[in-house]
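Below is one structure, written out as structure tokens, with a few remarks after it.
Numbering (this note's numbering), first residue to last: -12 to 142.
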């Protein structure tokens, strides 16, 4: 019984950390989207969602707080729901294509969460090397996009 209670407490604590991390990501999203004259990046945002956690309703109170049109802000956030590591490995190519087609200033790429799919698709020590190599490829591609287009990346 005591062991079960400890596990529940740990899960609640992990949930708090995840919620805090997502709040920080939403705040970064706001900063990237905010008009330049008001200290923001004045650009568009990619949200790569591996866990299905992107929730536009969380952005609305932030927009209200800073007197930003919620619908206009939402139009400048491109979300991409990813379900496998293969999709995540292909995402940088899709981002590059979107940047070239759109032409608008992109300021931020948020990957929430970069490790979730790797934990799902690669399990155990036997696949650790393959997981690290695939993760390294994704990070290298994201770094190249960041450097090429001067876009911040938050993972």
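Note that beta-carbon positions come from the ideal geometry of N, C-alpha and C, so glycine has one too.
### Message
Check whether the stretch 61 to 69 and the stretch 29 to 44 touch, using three or more Cβ-Cβ pairs below 8 Å as the test.
### Response
The answer is yes - the stretch 29 to 44 touches the stretch 61 to 69, with three or more Cβ pairs under 8 Å.
### Query
Is the Cβ-Cβ distance between residue 94 and residue 59 less than 8 Å?
no
### Query
beta strand (DSSP E) containing residue 64: first to last residue?
Run containing residue 64: 64 to 68, per the beta strand (DSSP E) assignment.
### Message
Taking only three categories from DSSP, how would you classify residue 73?
### Response
Helix, per DSSP.
### 4 or more residues per run - each alpha helix (DSSP H) lying fully within the stretch 107 to 139
115 to 136
### Task
Let me know the secondary structure DSSP gives residue 101 once reduced to three states.
coil
### Task
Please look up how many angstroms separate the CB atoms of residue 97 and residue 141, rounded, as I've assumed it's under 8 Å.
5 Å
### Task
Please state if the CB of residue 89 and the CB of residue 40 are separated by a distance shorter than 8 Å.
no
### Query
Straight-line CA distance for residue 61 to residue 54?
Roughly 14 Å separates the two Cα atoms.
### Task
Can you check DSSP and say which residues form a bridge with residue 33?
65 and 96
### Task
Could you tell me whether the Cβ atoms of residue 48 and residue 129 are closer together than 8 Å?
no
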